[in-house]
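Inspection log for the structure reproduced underneath, given as structure tokens.
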Amino acid sequence: MNHSLRYAPPVDLSKFAWLSVAAAVVTIGLKGGAAWLTGSVGLLSDAAESLVNLVAAIVALFALKVAIKPPDDNHPYGHSKAEYFSAAVEGVMIFVAAAFIIATSIERLLNPRMPEQLGLGLTISVAASLVNGAVAMVLLKHGRKHGSATLVADGKHLMTDVITSVAVLVGVALVAVTNQPVLDPVVALLAGANILWTGFGLIRSSVDGLMDVSLPEQTNIELFEVLDRFREPGRIEFHAVRTRQAGNRQFMEFHILVPAAWSVRRGHDMTEDVIDALIEVVPGVRVSAHLEPIEDPRSYADETDF
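Residue numbers for the sequence shown follow my numbering, beginning at -5 and rising by one.
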């Protein structure tokens, strides 16, 4: 393998953040207009979440710009963890939106009022939801493809927004059919609870990333299967195997134990063959290996796998 090509350069994903910003601006206008026309607290809650989407998209844009920066003297492992700060901020913003929605809904629940021009308001909100749904699918597709925590978080947030919008639209439609204005704030309260759950999930995943969470279980299985191909009991062994995720970067480290009689060159070649095989299975994984003599008791002082 050509080692200069072992690790692909980071991909600039900021264009997707710009797409999210544009979608947020459009949906704020549409949903805000629908809420103003109808006076519906349900549609107002939907518009409030779109405002959060805009703030989150701007934060995501900043995080992606930072994450792509190359390693430097102060950050030798790069800046990829900046994405987790974006996801955490987005989670907090979701909590803020949910608090606003719940507070507004309680006030309207105590003082119900029949919304107006529901037909036009619903039509506008449907258009906004279609925009969000399309953008969410793009963000999720490319976020998973490139392992971007920021894009995945933004995509999940938008998809939650779509689900919330559908629930709100159904609720507002029921208000029009039943002529029961109390249904409007009830639906908004349910939407607020759903938004809170999404925010909790985003913050939890961000904390995992900042604390060096292991790679996904299936990825670990694939990597360990590669090591098993090279393992020869009593002659070639591996231990202290660890993996971690940092933004869109994946890391693995391990100790390889070989006969003490091997030359440095032979041990080095074996190590490089293992690393090349690992990268073939999980492209882009950054591997660190430590060579040890299998006969030396000191080689087993740190053999624990995590």
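A virtual CB, placed ideally from N, CA and C, is assigned to each residue, including glycine.
Keep in mind it's a predicted model, so treat the numbers as computed, not measured.
Looking only at its chain, what residues have a beta carbon closer than 6 angstroms to the beta carbon of V5, apart from the 5 residues adjacent to it on each side?
H140
Is R102 closer than 8 angstroms to V53 when the C-beta atoms are compared?
no
Use the C-beta contact count for D178: other C-beta atoms within 10 angstroms, 16 or more gives buried, fewer gives exposed.
buried
Over what stretch of residues does the beta strand (DSSP E) that includes H249 continue unbroken?
R243 to V252
Are the stretch 112 to 120 and the stretch 25 to 33 touching by the rule of at least three beta carbon pairs closer than 8 angstroms?
yes
Report the rounded CA-to-CA distance for Q212 versus H151, giving the unit in angstroms.
25 angstroms
Tell me the residue span of the alpha helix (DSSP H) that contains Q239.
Unbroken run through Q239 is the beta strand (DSSP E), E231 to A240; no alpha helix (DSSP H).
Among I269, L114, R292 and E289, whose alpha-carbon lies nearest the alpha-carbon of A283?
I269
Distance between beta carbons of D155 and S44, contact taken as under 8 angstroms
7 angstroms
Since A301 and T158 should fall inside the 8 angstroms C-beta cutoff, what is the C-beta to C-beta distance between them, to a whole number of angstroms?
For residue 301 there is no data in the structure shown, the boundaries of the chain being -5 and 300.
Compute the distance between the beta-carbons of S14 and K59, then report whether it is under 8 angstroms.
no
When burial is assigned at 16 or more other CB atoms within 10 Å of the CB, is D296 buried or exposed?
exposed
Beta-carbon proximity list for V281, same chain, < 6 angstroms, skipping 5 on both sides
M246, I269 and L272
Does the Cβ of T192 have 16 or more other Cβ atoms within 10 Å, making it buried, or fewer, making it exposed?
buried
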